[in-house]
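These notes concern the structure reproduced below.
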Amino acid sequence: MIRNTKTIQALLLFIPVLSVVWSLILNHISGPHFLSRSDPEYVYLLNGLNVSSGNLDRIGHVDHPGTPFQLITGNFIAVIYWISGSGSMVSDVIINPEKYLFISSFLLALLAAYVIYRISKLEYKRSGSLTGALIIPFSLLLYMVIIDLPSRYIPDQLLMIILLFYAELIIRYLYDGYKASKFAIYSGVLMAAGVMTKINFAPFFILPLFLLPGWKLKRTYGIAFGSLVVVLFLLIHHKFNEFVNFALKVSTHDGLYGGGQDQFLNPEAFWNN
53 MIRNTKTIQA
63 LLLFIPVLSV
73 VWSLILNHIS
83 GPHFLSRSDP
93 EYVYLLNGLN
103 VSSGNLDRIG
113 HVDHPGTPFQ
123 LITGNFIAVI
133 YWISGSGSMV
143 SDVIINPEKY
153 LFISSFLLAL
163 LAAYVIYRIS
173 KLEYKRSGSL
183 TGALIIPFSL
193 LLYMVIIDLP
203 SRYIPDQLLM
213 IILLFYAELI
223 IRYLYDGYKA
233 SKFAIYSGVL
243 MAAGVMTKIN
253 FAPFFILPLF
263 LLPGWKLKRT
273 YGIAFGSLVV
283 VLFLLIHHKF
293 NEFVNFALKV
303 STHDGLYGGG
313 QDQFLNPEAF
323 WNN
């Protein structure tokens, strides 16, 4: 059993630091985004620019609908411009889009690493088990999609971070005496952020319902979830009908992005996959 505090701290930091270094390596070897990763990276960059410029009515891409990711991108752009920008913000982003995408991706990697470390530290403090503390961060290395995710600046990166935050929240609630009412509220906030980042996150909505006892807490969760969804939709109210039409086409057609035949399920494609 390892008892040296510095050794334990180094082990808890290993995966978070590795995840950041891996993100830098992936982005370096992948080359500029405009060569192979322009969709949806550049779409979110430009809509983030509208956010940071205060032009919320000019957000044009609401397919996912992606609102939380656009808000985060807008804040990243504002910080990057404040530190290293020149001229007007709009012109600086247009002239140096790769700089803004690369640094924004790096900031997401730092945020993910921060949450991974929080989870590891929390579990070690709670249980005293180094093995238990390393299980969650090491699990990120077992799935190819997650390993490759840092090479893209896409909403899925934010979804992973939301789920990591939720993993920490569950540990605190189930094993660390976290109040059920706070768990219900924060669960609603995180699930709403996930669904509004990408609509296919919606199945996770039911998870807190299994963890919360009684209808009162479930109602609290539902109110927190619904309130944030409404607020985030208000930011793109001018595009609400467009989003609904896109979501309906995707859910009622068997092709990509609402294409294909007008059917919910293609049996042949289902069995072949």
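Going letter by letter, the sequence shown gives residues 53 to 325 in the working numbering. Note that CB positions come from ideal geometry on N, CA and C, so glycine has one too. The model shown is predicted, which means the values in this text are computed figures rather than measured ones.
Linking Leu64 to Thr57 through their CA atoms gives a straight-line distance of about 11 Å. Secondary structure note for Pro207: its alpha helix (DSSP H) is the uninterrupted segment Pro207 to Tyr227. Leu97 is a Cβ neighbour of Leu153, given a cutoff of 7 Å.
Listed in chain order, the beta strand (DSSP E) runs fully inside the region 251-290 amount to none, counting runs of at least 3 residues.
Excluding residues up to 5 positions away in sequence, Met243, Val247 and Phe277 lie with their Cβ nearer than 8 Å to the Cβ of Phe257 in the same chain. Linking Ser75 to Trp267 through their CA atoms gives a straight-line distance of about 42 Å. Taking C-alpha positions only, Gly137 is separated from Gly240 by approximately 37 Å. Look at Gly180 here: in three-state DSSP terms it is coil, with no helix or strand label.
By the C-beta density criterion, Val114 is buried, having at least 16 other C-beta atoms within 10 angstroms. A straight-line Cα-Cα distance of about 45 Å links Ser104 and Pro319. Per DSSP, Asn99 is one residue of the alpha helix (DSSP H) stretching across Glu93 to Ser104. Cβ neighbours of Gly184 within its own chain (closer than 8 Å, five residues either side excluded): Glu175 and Tyr176. The beta-carbon distance between Asp208 and Leu215, rounded to whole angstroms, is 10 Å. This is too long to meet the 8 Å contact definition. Judged by DSSP secondary structure, Val247 falls within the alpha helix (DSSP H) whose first and last residues are Ala232 to Thr249.
Counting C-beta atoms within 10 angstroms of its own C-beta, Asp144 has 16 or more neighbours from the protein chains shown and is therefore classed as buried.
Rounded to whole angstroms, Arg204 and Ala254 show a C-alpha spacing of 22 Å. Between His290 and Pro260, the alpha-carbon positions lie close to 31 Å from each other.
Here the alpha carbon of Val282 sits roughly 30 Å from the alpha carbon of Gln315. Closest option to Lys234, judged by alpha-carbon separation, among Ile81, Phe322, Leu269 and Met212: Leu269.
Asp144: member of the alpha helix (DSSP H) spanning Met141 to Ile147, first to last residue. Contact between the region 154-173 and the region 75-89 is present: three or more C-beta pairs spanning the two stretches fall below 8 Å.
The three-state reading of DSSP puts His85 in helix, counting H, G and I together. Its chain contains Gly311, Gly312, Gln313, Asp314 and Gln315 as the residues whose beta carbon lies nearer than 8 Å to that of His305, once the 5 sequence neighbours on both sides are disregarded; these appear in chain order. One Cα belongs to Tyr195, the other to Gly139, and the distance between them is close to 43 Å. Under a 10 Å Cβ-count criterion, Asn102 is classified as buried, with 16 or more other Cβ atoms of the shown protein chains found around its own Cβ.
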